[in-house]
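Structure, as structure tokens:
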Amino acid sequence: MTKPTPTEIGQGYDDFAELLDQLWGDNLHHGYWEDESDGASLDEATNRLTGKLAGMLAIEPGARLLDVGCGVGEPAARLVRDHGITAVGISISKRQVERAGERAAAAGLADRLSFEYADAMDLPFPDASFDIVWALESLHHMPDRWHVIRQAARVLRPGGRLAIGDFLLRGEHGSGADAAARVDLVRQGVLKIVDLDEYLSRIREAGLEPEVAEDISDRTRPSWGKSAEIFTAVRDQAVRHIGAEQFERTLSNFRQLSDAPMVGYVLLTARKPA
Ligand SMILES: C[S@@+](CC[C@H](N)C(=O)[O-])C[C@H]1O[C@@H](n2cnc3c(N)ncnc32)[C@H](O)[C@@H]1O
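Mind the numbering: the sequence shown is residues 99 to 372 in the working numbering, read in order.
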């Protein structure tokens with residue numbers, strides 16, 4: 099399976115905007131549940147994940163943040179509101195950029211929060227122009243994560259911080275036919291992921307110093323099962339959008355990933371040396 103190009107990814111987000119609204123709401127990322135008994139809704143849990151990554155940064159009021167792969171802008175809006183910062187979000191989906199801008203205006207944040215259509219592989223910003231670069235669940239889409247991280251290092255000012263939420267390859271593959279099928283799924287490129295050691299060494303190669311790395315796989319894992327549930331509930335609408343075959347394939351991916359200990363989730367921060 100070849101990896102879709104950025105333009106194709108953007109087209110996919112444009113085409114399936116309504117479906118994604120139904121599936122995920124305002125945040126297009128996984129949720130964070132404290133434990134098995136945590137009854138948080140998807141909305142609460144996804145906002146919680148944004149808060150969790152933000153909490154690793156000690157964000158100063160007035161800081162300037164770049165959100166790489168901003169979705170419909172909810173995480174950036176939350177950061178601007180909660181921390182008194184300014185932010186620019188970029189996305190490869192024109193519809194997302196439009197909608198994120200409308201949402202910022204409706205929330206009275208337009209003077210501090212803006213959105214642009216841009217490819218993260220070629221960030222259209224000067225060197226050392228941001229205090230924080232934020233990439234929450236967007237790097238797995240990029241043709242080359244490490245290139246984007248080098249770009250992030252370029253646009254960060256000395257002393258600035260990179261914050262990442264991303265999928266992670268973990269050692270526990272499980273055994274038997276099911277585990278083999280899941281390994282295949284990942285190899286086929288449904289998710290291109292690497293282990294934490296490789297992640298950290300690539301961050302160092304980009305000239306950044308890793309700070310915090312928290313494997314939160316067990317906290318985010320319920321997200322796959324919830325996606326399967328919601329997807330099933332909107333089956334008719336989804337089939338109209340993507341056809342029955344693609345619907346069944348996607349649903350089966352969600353189900354396999356909900357029981358795939360090898361596919362984890364990490365929150366990471368790194369600092370550009372002053
Ligand atoms: C899973 S969504 C996450 C959205 C957002 N960070 C959130 O947490 O709600 C992935 C985002 O990455 C963006 N993206 C993917 N490839 C991109 C690229 N090459 N350049 C810019 N944005 C990209 C998509 O358009 C989408 O907004």
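Glycine included, C-beta positions come from ideal geometry on N, C-alpha and C.
Just so we're clear, the structure is a prediction, and the values are computed from it rather than from any experiment.
For Asp225, which residues of its own chain have a beta-carbon under 8 angstroms away from its beta-carbon, when the five flanking residues on both sides are left out? Counting only residues of its own chain and dropping the five nearest sequence neighbours on each side, Asp225 has a CB closer than 8 angstroms to the CB of Arg252, Val253.
Rounded to a whole number of angstroms, what is the C-alpha to C-alpha distance between Arg333 and Ser212? Take the alpha-carbon of Arg333 and the one of Ser212: they are about 34 angstroms apart.
Can you tell me which residues form a DSSP beta bridge with Arg362? According to the sequence displayed, residue 362 carries Gly and not Arg. DSSP lists Leu266 as partners of Gly362.
Please check the pair Ser315 and Arg248, which I expect to be a contact at CB under 8 angstroms, by giving their CB distance rounded to whole angstroms. Not quite, the Cβ-Cβ distance comes to about 26 angstroms (not below 8 angstroms), so this is no contact.
How would you call Lys192, buried or exposed, if buried means at least 16 neighbouring beta carbons within 10 angstroms? Lys192 should be labelled exposed.
Suppose you measure from the CA of Ala152 to the CA of Leu177; what does that come to, to the nearest Å? Between Ala152 and Leu177, the C-alpha separation is close to 8 angstroms.
Distance CB(Leu163)-CB(Ala185) smaller than 8 angstroms: A distance below 8 angstroms separates the beta carbons of Leu163 and Ala185.
Helix, strand or coil: which one does DSSP assign to Ala205? Here Ala205 sits in coil by DSSP.
Helix, strand or coil at Val332 according to DSSP, with G and I counted as helix: Residue state for Val332 is assigned as coil, using DSSP reduced to three classes.
Considering only C-alpha positions, which residue in the set Arg210, Ile188, Gly206 is nearest to Leu237? Proximity to Leu237 across Arg210, Ile188, Gly206 peaks at Ile188, based on C-alpha coordinates.
Identity of the residues DSSP links to Glu214 by a beta bridge: In DSSP, Glu214 forms a bridge with Ile188.
From Asn125, Glu327, Ala372, residue whose alpha carbon lies closest to that of Arg197: Ranking Asn125, Glu327, Ala372 by CA distance to the CA of Arg197 puts Asn125 first.
Is Tyr111 near ligand 1 - that is, is its Cβ less than 7 angstroms away from at least one heavy atom of it? When distances are taken from the beta-carbon of Tyr111 to the heavy atoms of ligand 1, the shortest one is below 7 angstroms.
Please classify Pro159: is it buried, with 16 or more other beta-carbons within 10 angstroms of its beta-carbon, or exposed? Exposed, because fewer than 16 other Cβ atoms sit within 10 Å of the Cβ of Pro159.
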